[in-house]
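Novice: Residue numbering for the sequence shown follows full-length UniProt numbering, starting at 1 and increasing by one per position.
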Amino acid sequence: MAFKRKPSSSFGLERRVRPRREDEWVEEPESQGSSSEDDDDDEVEEEGIRGASDDGDDDDEVEEDQEFEEGSEHESEPEQDTPKIDLSSVSFGALAKAQASLPSAGRKSKLKKSTDEDTSKTETPAPRKSTKSKDDPKPKRSSKHAPQEQTSKKPVSRRREILPDNRRQYRDPRFDPLVGRVDEEKASKAYAFLDEYRDKEMADLRAQIKKTKDSYERDNLKRQLQSMESRKKANMRRQEEERLLKEHRQKEKELVAQGKTPFYLKKSEQKKQLLVNRYEGMSKGQVDRAIERKRKKVAGKEKKELDFLQRGSRPRG
Numbered sequence: 001m002a003f004k005r006k007p008s009s010s011f012g013l014e015r016r017v018r019p020r021r022e023d024e025w026v027e028e029p030e031s032q033g034s035s036s037e038d039d040d041d042d043e044v045e046e047e048g049i050r051g052a053s054d055d056g057d058d059d060d061e062v063e064e065d066q067e068f069e070e071g072s073e074h075e076s077e078p079e080q081d082t083p084k085i086d087l088s089s090v091s092f093g094a095l096a097k098a099q100a101s102l103p104s105a106g107r108k109s110k111l112k113k114s115t116d117e118d119t120s121k122t123e124t125p126a127p128r129k130s131t132k133s134k135d136d137p138k139p140k141r142s143s144k145h146a147p148q149e150q151t152s153k154k155p156v157s158r159r160r161e162i163l164p165d166n167r168r169q170y171r172d173p174r175f176d177p178l179v180g181r182v183d184e185e186k187a188s189k190a191y192a193f194l195d196e197y198r199d200k201e202m203a204d205l206r207a208q209i210k211k212t213k214d215s216y217e218r219d220n221l222k223r224q225l226q227s228m229e230s231r232k233k234a235n236m237r238r239q240e241e242e243r244l245l246k247e248h249r250q251k252e253k254e255l256v257a258q259g260k261t262p263f264y265l266k267k268s269e270q271k272k273q274l275l276v277n278r279y280e281g282m283s284k285g286q287v288d289r290a291i292e293r294k295r296k297k298v299a300g301k302e303k304k305e306l307d308f309l310q311r312g313s314r315p316r317g
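1) With H, G and I counted as helix, E and B as strand and the rest as coil, what does DSSP make of Glu77?
2) Does the segment 194 to 213 come close enough to the segment 225 to 242 to have 3 or more Cβ pairs within less than 8 Å?
3) If we ignore side chains and look at the alpha-carbon of each, how far apart do Ser215 and Lys296 end up?
4) Could you tell me the alpha carbon to alpha carbon distance between Glu196 and Arg181, rounded to whole angstroms?
5) Is Ala146 helix, strand or coil by DSSP?
6) Quick test of your reading: Leu274 and Glu247, contact by CB under 8 Å. State the CB separation rounded to the nearest angstrom.
7) Looking only at its own chain, which residues have a Cβ that is under 6 Å from the Cβ of Asn220, when we skip the five neighbours before and after it?
8) Could you tell me whether the Cβ atoms of Arg141 and Gln148 are closer together than 8 Å?
9) Mapping the DSSP letters down to three states, classify Asp172 as helix, strand or coil.
10) Could you tell me the alpha carbon to alpha carbon distance between Glu252 and Phe263, rounded to whole angstroms?
11) If you check the beta carbons only, do Ile209 and Leu225 fall under 8 Å apart?
12) Alpha helix (DSSP H) containing Arg278: first to last residue?
13) Put Gly285 into one of helix, strand or coil per three-state DSSP.
14) Is the CB-CB distance between Leu244 and Asn277 below 8 Å?
15) Leu306 by DSSP, collapsed to three states: which one?
16) Measuring straight from C-alpha to C-alpha, what distance separates Lys271 and Arg218?
17) Could you tell me the distance, in whole angstroms, from the CA atom of Glu292 to the CA atom of Lys154?
18) Give me the Cα-Cα distance between Ile162 and Gln169, rounded to the nearest whole angstrom.
19) Once you ignore the five residues that flank Asn166 on each side, which residues in its own chain have a CB closer than 6 Å to its CB?
20) Between Met228 and Glu305, what straight-line distance do the alpha-carbon atoms span, to the nearest angstrom?
21) Pull up the distance between the alpha-carbon of residue 318 and that of Leu309, whole angstroms please.
22) Could you check what DSSP says for Glu37 in three-state terms: helix, strand or coil?
23) Which residues in the same chain as Val179 place their Cβ atom closer than 8 Å to its Cβ, once the five residues preceding and following it in sequence are excluded?
24) Can you give me the C-alpha to C-alpha distance between Ala290 and Ala299, rounded to a whole angstrom?
25) Of all Cβ atoms in chain D, is any one closer than 8 Å to the Cβ of Arg171?
26) May I have the straight-line CA-CA distance separating Lys144 from Pro177, to the nearest angstrom?
27) DSSP three-state call for residue 318: helix, strand or coil?
Structural data, given as structure tokens:
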């Protein structure tokens with residue numbers, strides 16, 4: 001027969017106690033009649049013993065709970081009474097013994113912390129310091145005859161080829177700058193026969209202009225003839241300048257050989273000398289026409305400049 005126990009209300013603690021499992025009692029068939037009274041006495045004694053033991057167990061459990069709570073309170077409080085040890089006065093042997101007496105788990109945790117700190121130090125690299133400084137001296141050559149050093153780290157140009165030109169590039173090795181400077185005097189002598197071809201072509205164009213009746217085609221032919229004549233005049237003018245400079249250099253060489261200082265022609269002096277030489281080979285009528293043409297050209301240029309100044313000075317309104 002199971003008895004229910006009231007929960008102990010001492011110290012304001014309420015604990016839930018699991019009831020013990022009691023062995024089932026089986027009556028023996030032989031001693032049913034004879035030992036009924038003895039069984040009743042035994043049951044009463046067992047109940048008294050159980051009640052006493054249950055009360056003792058409850059008291060023990062309450063005492064254990066109090067001790068556990070007091071111990072937890074003592075542990076939570078900071079250790080204020082522990083004396084401070086001066087580590088400078090402790091010998092290395094005593095420290096080694098204390099470390100050996102520590103449990104292995106504490107040592108492992110310390111080792112883990114130290115390894116984590118080492119890895120964190122290795123993972124976070126120190127910031128790079130700029131190698132360049134203002135006080136660093138500039139690199140100098142070993143000698144004045146040594147070649148000049150240049151850096152190969154040149155910046156990429158910002159110009160980009162948007163539409164690539166896939167056309168084949170032709171190159172004339174005679175006029176390639178890699179071969180060297182072109183001697184214009186030698187080239188003009190070597191290709192002098194082209195001037196004769198140009199003169200014949202100009203004569204043919206003049207004949208075609210006279211024969212053609214279509215005004216549009218005649219204008220095109222006149223334009224071609226005019227461009228060829230202007231190109232021929234420009235070539236003749238350049239040849240005159242080169243001839244003048246060549247004669248001047250030849251004279252100066254002779255004077256320098258005599259011990260005199262050389263005199264170099266300025267651009268303005270060259271132009272004056274060229275005009276004098278040009279007008280010397282012309283007749284009087286040709287000179288007058290050339291002067292009149294020059295005067296009209298200068299007047300037209302001045303008129304354009306005056307119109308531009310007047311437009312800029314007008315108030316906008």
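In this text, a Cβ means the ideal position worked out from N, Cα and C, and glycines have one as well.
Specialist: Reading it off the structure:
1) For the purposes of this step, residue 77 is identified with residue 77 of the sequence shown, where counting begins at 1. Confidence at Glu77 is low in this model, with a pLDDT of 47, below 50, so the placement of that residue should be treated as unreliable; the coordinate-derived value is given next. Coil, per DSSP.
2) With a cut-off of 8 Å, the segment 225 to 242 and the segment 194 to 213 count as touching, because enough Cβ pairs lie within range.
3) Stepping through the sequence shown from its first residue, residue 215 is reached at position 215. Stepping through the sequence shown from its first residue, residue 296 is reached at position 296. Using only the alpha carbons, I get a separation of about 29 Å.
4) Translated into the one-based positions of the sequence shown, residue 196 becomes position 196. Translated into the one-based positions of the sequence shown, residue 181 becomes position 181. Roughly 26 Å separates the two Cα atoms.
5) Here residue 146 refers to the residue found at position 146 when the sequence shown is read from its first residue. Looking at Ala146 - three-state DSSP - the assignment turns out to be coil, as it is neither helix nor strand.
6) Position 274 of the sequence shown holds residue 274. Position 247 of the sequence shown holds residue 247. Contact annotation, Leu274 with Glu247: C-beta distance approximately 12 Å; criterion of less than 8 Å not satisfied.
7) Start at 1 with the first residue of the sequence shown, and residue 220 comes out as number 220. Apart from the 5 residues on each side of it in sequence, Asn220 has no Cβ closer than 6 Å to any other Cβ in its chain.
8) By one-based count along the sequence shown, residue 141 stands at place 141. By one-based count along the sequence shown, residue 148 stands at place 148. Contact check for Arg141 against Gln148 passes: the beta carbons are separated by less than 8 Å.
9) Your numbering for residue 172 matches position 172 in the sequence shown. Asp172: coil per DSSP, three-state reduction.
10) For this step, residue 252 is matched to residue 252 along the sequence shown. For this step, residue 263 is matched to residue 263 along the sequence shown. Taking the straight line from one Cα to the other gives about 7 Å.
11) Numbered from its first residue, the sequence shown carries residue 209 at position 209. Numbered from its first residue, the sequence shown carries residue 225 at position 225. A distance below 8 Å separates the beta carbons of Ile209 and Leu225.
12) Within the sequence shown, residue 278 is the residue found at index 278, counting from 1. For Arg278, the uninterrupted alpha helix (DSSP H) segment begins and ends at Lys267 to Glu280.
13) Here residue 285 refers to the residue found at position 285 when the sequence shown is read from its first residue. It is helical.
14) Position 244 of the sequence shown holds residue 244. Position 277 of the sequence shown holds residue 277. Between Leu244 and Asn277, the gap from beta carbon to beta carbon is short of 8 Å.
15) Sequence index remark: in the sequence shown, residue 306 carries index 306 (1-based). DSSP places Leu306 in helix when its eight states are reduced to three.
16) On the sequence shown, position 271 is the one that residue 271 refers to. On the sequence shown, position 218 is the one that residue 218 refers to. One C-alpha to the other measures close to 37 Å.
17) Numbered from 1 along the sequence shown, position 292 holds the residue referred to as residue 292. Numbered from 1 along the sequence shown, position 154 holds the residue referred to as residue 154. The straight-line gap from Cα to Cα measures roughly 57 Å.
18) On the sequence shown, residue 162 is found 162 positions in, with the first residue counted as 1. On the sequence shown, residue 169 is found 169 positions in, with the first residue counted as 1. Roughly 18 Å separates the two Cα atoms.
19) To locate residue 166, count along the sequence shown from 1; it is residue 166. Excluding positions up to five away in sequence, the list is empty.
20) Residue numbering aside, residue 228 sits at position 228 when the sequence shown is read from its first letter. Residue numbering aside, residue 305 sits at position 305 when the sequence shown is read from its first letter. Straight-line Cα distance between these residues: approximately 30 Å.
21) In the structure as shown, the chain begins at 1 and stops at 317. Residue 318 is therefore absent and cannot be evaluated.
22) Here residue 37 refers to the residue found at position 37 of the sequence shown. At Glu37, the pLDDT of 48 sits below 50, so the modelled position is not reliable and the matter cannot be decided from this model.
23) Here the question's residue 179 lines up with position 179 in the sequence shown. Same-chain partners within the cutoff: Pro173.
24) Start at 1 with the first residue of the sequence shown, and residue 290 comes out as number 290. Start at 1 with the first residue of the sequence shown, and residue 299 comes out as number 299. If I take the Cα positions, the gap works out to 14 Å.
25) In the structure shown, chain D does not exist; there is a single protein chain.
26) For this step, residue 144 is matched to residue 144 along the sequence shown. For this step, residue 177 is matched to residue 177 along the sequence shown. For Lys144 and Pro177, the distance between alpha carbons rounds to 29 Å.
27) Absent from the model: residue 318. The displayed extent of the chain is 1 to 317, so no value can be given.
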